[in-house]
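The block underneath contains the structure these notes are about, expressed in structure tokens.
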């Protein structure tokens with residue numbers, strides 16, 4: 070009995086006990102947090118290259134075609150993603166969402182490494198093709214959210230996914246602009262004409 074009274078009289082113990090009480094209806098959904106983080110990371114990566122890519126192209130293209138190559142590289146990524154997202158969606162249905170998301174993130178990492186070290190323009194094109202082929206994180210993340218939710222919860226989680234993508238698309242160009250101010254490549258010096 071005295072133990073219970075000491076707990077009641079000690080406000081610090083009482084506040085610690087209140088802090089440990091969890092609402093039974095609110096549970097952390099770790100897989101959802103991982104999916105949303107993946108979407109945000111992918112969007113940061115997409116936005117990161119936008120301010121840096123013109124500098125890369127100026128180093129590699131020895132003409133006034135920088136704008137044309139910039140547009141082609143962005144369109145090539147979107148075209149490859151458009152063509153391959155259904156295939157990756159089917160693969161995620163068959164083998165699971167996680168392996169396909171990991172392959173997608175690995176493809177993006179390969180693309181960024183290729184872009185940072187590309188000695189020739191055609192290497193940039195290869196990198197964007199690889200990124201587009203493996204760039205299905207949004208489709209697979211949406212499928213995962215549809216798998217684990219229903220009704221109002223589904224709409225809320227899709228809203229979270231859109232917010233994470235939006236955050237990444239805002240943060241990516243800012244980070245790319247800041248880092249691109251140092252150097253747009255990891256090469257020691259630009260390729261000489």
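Residue numbers (this note's numbering): 70 to 262. Glycine is no exception: its CB is placed at the ideal position from the N, C-alpha and C atoms. Keep in mind it's a predicted model, so treat the numbers as computed, not measured.
{"query": "How is the alpha helix (DSSP H) around residue 173 delimited, first residue to last?", "result": "166-186"}
{"query": "As a quick exercise: from 127, 100 and 153, pick the residue whose alpha carbon is nearest that of residue 190.", "result": "127"}
{"query": "Against chain C, does residue 213 count as a neighbour if the rule is that its beta carbon must be under 9 Å from one of theirs?", "result": "Note that chain C does not occur in the displayed structure, where there is just one protein chain."}
{"query": "Can you list, in chain order, the residues of its chain with a C-beta nearer than 6 Å to that of residue 117? Leave out the 5 residues immediately preceding and following it.", "result": "241, 244 and 245"}
{"query": "Check this for me: beta carbons of residue 105 and residue 238, under 9 Å apart or not?", "result": "no"}
{"query": "Just to check my reading of the structure: residue 108 and residue 207 have Cβ atoms closer than 8 Å, yes? What is that Cβ distance to the nearest angstrom?", "result": "7 Å"}
{"query": "So, are the CB atoms of residue 112 and residue 235 less than 9 Å apart?", "result": "yes"}
{"query": "What do you get for residue 180, buried or exposed, if any count of 16 or more other CB atoms within 10 angstroms of its CB means buried?", "result": "buried"}
{"query": "Answer with buried or exposed for residue 172, where buried requires no fewer than 16 other C-beta atoms within 10 angstroms of its C-beta.", "result": "buried"}
{"query": "Under 9 Å between the Cβ atoms of residue 197 and residue 145?", "result": "yes"}
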